[in-house]
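For reference, the structure discussed in these notes is given below.
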Amino acid sequence: MAKTIMIIDDSASLRQVVSITLTGAGYEVLEACDGRDALAKLTGQKIHLMISDVNMPNMDGISFLKAVRELPAYKFTPIIMLTTEAGEEMKKAGQAAGAKAWVVKPFKPELLLTAVSKLILP
Amino acid sequence: MDLDQAKQTFIIEAHELLDAMEESLLAPESSEAVNAMFRAVHTIKGSAGLFGLDPIVRFAHTVESVMDRVRAGSLAFDPDLVNLILACHDHLAQQISELQEGDDAGSPETIAEGDALLARLLPYLETVPRPAAPPTTLVTHESHPHEEEDDQPCWHISIRFGPDILRQGMDPLSFLRYLQTLGSITHLTPLLDRLPAGPDFDPERCYLGLEIDLDTKVERQVIEDVFEFVREDSQIRIIPPRSKVEEYIQLIRELPEGDHYLGEILVKGKCLTPKDLEEALGTQRQEAFEDGTVQGRMLGTIVIQDQAVPPAVVAAALDKQKKAKEKTGHEVKVVKVQAEKLDRLVDLVGELVIAGATANTLAAQGTDSRVLEATAILGKLVEEIRDNALSLRMVQIGETFSRFRRIVRDVGQELGKPIELEIRGAETELDKSIVEKLSDPLMHVVRNSIDHGIESQEVRRARGKPATGSLSLNAFHESGSIVIEVADDGGGLNKQRILAKAVERGLVQDPSSLTDQDITNLIFEPGFSTADAVSNLSGRGVGMDVVKRNIDELRGTIEVETYEGAGTTLRFRLPLTLAIIDGFRVGVEDTFYVIPLDMVIECLDLGPFLESEQNHLINLRGEVLPFLRLREVFETRGAVPARERVVVVQFGELRAGIVVDRLMGEFQTVIKPLGELFRSVKGLGGSTILGSGEVALILDVPQLIQLAVTRKHALQPRLSTVS
Amino acid sequence: MFQITRIKDNGHEILQLSGDLTIYSAAEARHELETHLSQHPTLVLDLSEIDELDTSGVQVLLWLKREAAARVGALSLVRHSPAVVETFDLLHVTGIFGDPILIGPA
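Residue numbers (our numbering), protein chains in the order written: chain A, 1 to 122; chain B, 1001 to 1723; chain C, 2001 to 2106.
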């Protein structure tokens, strides 16, 4: 069975490219446009990995990370956070919240695929 | 979908973001506007990187850096800078337009203009700008032909994983699987000496260490990067093929395990010969003796400093977002459909789901794998059709919210109370049938807030509040429900007055037994009204009890949060749709019940988790929860089975266990209204027909949780098993 | 979902583990298995229904093996499922457990 990844980012085009890349590599991809949307879509189904932007409207990535760790079904789901060089402070806050996997934006699709493969293979 | 389509999405998205940015630039005072601008540039940069649009990335990066300084407050957003950012905005728009025309690189004039703008941005940057970050690219690695015939060209990787990596979702197994894609693992020794015995063992902690020999052609950096996500907490040491003996010996010295044990591992991996080892360990003992220590140093371990960084909360620029969304709306083609047609479709889909479940059940009883496969495909399609049909009925709540702008202004004027209405979460979607039934209760609550909540201007001034009152409507999704909040900054509910009135009306016998929340909830009792003077707006005989009934009918709940002198928030929590739910089926004796799946947290055996039978409490890994037995709630006859199961459910912030005989798995179901017979039974929310044709009862989880929490087990109607 | 079921095989009592023995269920598994161990220090675990086994699951099994030995009992693992075999192979822990793995017809 294909592994399921959820991408959480407010940019539709970024989600599309990530989705094309990961689907092409054999993963199943779910999309959400921000933390709140993602939480609404997390209804107990098995998610093997989440990729979340940090800077998003409604619910930013750090709040999302904290909220998702409270859900028993996703307490231990690996999460890759997307950040920019300008986001050092965010990164610190995120690390304090337990986010260890970071990918710096902008990135090429294949770089993200490599990062994902280290945590789960399709 | 392909990349070209995604690029089109990017172009549309970039235009929208730039429109939003322009709007913010024209009213740049608020921090929200600055945030919106930052995010616009940030998002464009991030997405442009994915398409390899380096000129856009480069330009946006510098603008973003400047905006970041404005956002952080270290740079004043004076008119000069606003004008410059406006020019940058126009330049980005020009870049996107050229991209739209198929010119990825950009025209020479545009490039020159960009350079000029970058030069003007320079003084606003903190230091010399970081070199415009090109998108990080994966380095491709060429093979090294000269290493070919060597029979031991192995890298040695020594790793002691950090204790928390498992909790963070990182499994050493994944890294091993990934390493296998880079080359072949010729030797691997797991080290589990750190695994403690007895009660000290923490099953969620990682105690694993690995000594790995990897035969690969990739470069050191690539191997190092395999562990990039665990690098900070783990001890990692990577030794290239054919390194000097000293390097291996150093490794042995620095690791906590016994020297000879590690030595043997290295010998086995052909990194060292037995002779090397013997000689080296001899020298080492000598040295250790001389300087008096063999204590290992930590290897390249980076200690994370837990600095107290306040979580930089980025306020959402929702109104701007909404506008951007509305603009997209113009380009989308819309077909109007009569609402009844849509309802009929959803009804039919409901029947289809049941028929599908029946077919599935029958197919599973047979042995023909082709039939099974066909029904599985059918099932997936039915599910998609269901989601699509339901999404047709989903509407944004924004329109309902917007209607209140006029009402708030008019009513406020009539009462001489200037009030500002703030709308958030307008794009939140919910089922049309719910929206329709929501306008009345919402209207009532909003009017109540204006009428009784928000004080007159004089009172507000006397209390040191701004003369203009504030009312906000907010909607968002939360764990399978939609939450709608109506909040005012008025006087809050006066508990003494509520209590006095309730006593006067005979609604309360023993006031001393009530908690604050109980008192607040009295406003939902039939025949309760606190208005000192009945205005011509509210007080038309419709009380909060009607609001509560309306919400009950929608399978929702109401919470009140009130602070005397500071305001009141009413929170409606509603299901996303009324028609179809994903359910979890359980059984007691020969009756089936369905629990909405989004409320199920986990299922356990009752035995090991039982805390107190007498008080009906379970202990869920330290959390003590109340439970109730369905067989007691519905007074089912029959003997309690030896092995009882408990389903842990959650609604809002409350959790409880529901004890049943059997767990029967997930399935999808259409909610049918309850017949007259059951309507008055507490704990039931509806019924459904199973694939087998049998009837199952859908549990009203919020009610059951309430029941478990308050321990009021006396249920009115007598009910034995349901046939 | 992780579950432990008691089954009888030729009159011997065996505990069958089924579902995912992963970080999500490790705490529960440790707790329940320890309860069983306190009653029967010699345990046989049937792993044929394990769908997923990760590092935390391996740690729980190894801890249990050591606990059993400390109580002068023993832990044997039988009927390793493909998922168990894959994890054991990847981590090279088959030797640590020392149980024979039968590769029979699927």
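Glycine included, every Cβ here is placed at the ideal spot set by N, Cα and C. The structure presented is a predicted model; accordingly, all values stated were derived computationally and were not measured.
Asked	Found
For A:V54 versus A:M1, is the C-beta distance shorter than 8 Å?	no
Does the beta carbon of C:I2023 come closer than 8 Å to any beta carbon on chain A?	yes
Taking a contact to mean a Cβ-Cβ separation below 8 Å, would you say A:A101 touches A:I62 in this structure?	no
Specify, as a first and last residue, the run of the alpha helix (DSSP H) that B:T1515 falls within.	Here B:T1515 belongs to no alpha helix (DSSP H), and DSSP marks it neither H nor E.
With H, G and I counted as helix, E and B as strand and the rest as coil, what does DSSP make of B:Y1563?	strand
For the region 1192-1200 of chain B against the region 2037-2054 of chain C, are there 3 or more C-beta pairs whose distance is under 8 Å?	no
Under 8 Å, Cβ to Cβ, is there at least one residue of chain C near A:F64?	no
Would you please verify whether the beta carbon of C:R2006 is less than 8 Å from any beta carbon of chain B?	no
Closest by CA to B:F1596, which one among B:E1420, B:I1434, B:P1203 and B:F1667?	Rather than Phe, the amino acid found at residue 1596 of chain B in this sequence is Pro. B:P1596 has its Cα closest to that of B:F1667, out of B:E1420, B:I1434, B:P1203 and B:F1667.
Let's test the definition: count the other Cβ atoms within 10 Å of the Cβ of B:V1640 and tell me whether it reaches 16, buried, or not, exposed.	exposed
How is C:V2060 classed by DSSP in three states: helix, strand or coil?	helix
Starting from the Cα of B:R1071, find the closest Cα among B:E1032, B:R1555, B:S1107 and B:L1378 and give me that residue.	B:E1032
Taking only three categories from DSSP, how would you classify C:T2022?	coil
Leaving out five residues before and five after B:E1351 in sequence, what residues of the same chain have Cβ atoms less than 7 Å from its Cβ?	none
Would you mind telling me which residues of chain B sit closer than 8 Å to A:I20, beta carbon to beta carbon, in chain order?	M1001, D1002, L1003 and A1006
Let's test the definition: count the other Cβ atoms within 10 Å of the Cβ of C:K2008 and tell me whether it reaches 16, buried, or not, exposed.	exposed
Does the region 45-54 of chain A come within contact of the region 1074-1084 of chain B, defined as at least 3 CB pairs closer than 8 Å?	no
Which chain C residues are close to B:E1204, counting only those with a beta carbon under 8 Å from its beta carbon?	I2023, A2026, A2027 and S2056
Quick check on the DSSP output: the beta strand (DSSP E) that includes B:N1474 runs from which residue to which?	G1469 to E1478
From C:R2006 to C:Q2016, what does the alpha carbon distance come to, in whole angstroms?	6 Å
Looking at the structure shown, is C:Q2016 part of a helix, part of a strand, or coil, going by DSSP?	strand
In the DSSP output, what is B:P1575 paired with across the bridge?	B:S1481
Indicate whether at least one CB of chain B lies closer than 8 Å to the CB of C:E2032.	yes
Under the rule that 16 or more other beta-carbon atoms within 10 Å means buried, what is B:L1026, buried or exposed?	exposed
List, from N- to C-terminal side, the beta strand (DSSP E) runs of 3 residues or more that fit wholly inside the region 1599-1674 of chain B.	1600-1605, 1610-1612, 1617-1620, 1623-1629, 1645-1651, 1654-1660 and 1662-1670
Need the endpoints of the beta strand (DSSP E) that B:D1215 sits in, please.	G1209 to T1216
Of all the residues that make up the region 2076-2104 of chain C, which are near chain B by a beta-carbon distance shorter than 8 Å?	T2087, L2090, L2091, H2092, V2093 and I2096
Report the partner residues of B:H1156 according to the DSSP bridge assignment.	B:D1213 and B:I1239
Return the CA-CA distance between B:R1393 and A:D9, expressed in angstroms with no decimal places.	25 Å
Just grab the DSSP bridge partners of B:Y1593 for me.	B:V1586 and B:L1697
Please report the distance separating the alpha-carbon of B:A960 from that of B:M1443.	Given a span of 1001 to 1723 for chain B in the structure shown, any question on residue 960 of chain B remains unanswerable.
Kindly indicate the opening and closing residues of the alpha helix (DSSP H) around B:V1063.	D1054 to A1072
Report yes if the C-beta distance between B:I1397 and B:V1446 is below 8 Å; otherwise report no.	no
Give the interface partners of C:Q2016 over in chain B, defined as CB-CB distance under 7 Å, in chain order.	Near C:Q2016 there are no residues of chain B at all, since even the closest Cβ is about 14 Å away, more than 7 Å.
Just checking my contact of B:L1210 with B:P1190 at CB under 8 Å: how many whole Å lie between their CB atoms?	6 Å
How should A:A94 be labelled, buried or exposed, when 16 other C-beta atoms within 10 angstroms of its C-beta is the threshold for buried?	With the sequence shown as reference, residue 94 of chain A is identified as Gly, and Ala is not the correct amino acid for it. Buried, since its Cβ has 16 or more Cβ neighbours within 10 Å.
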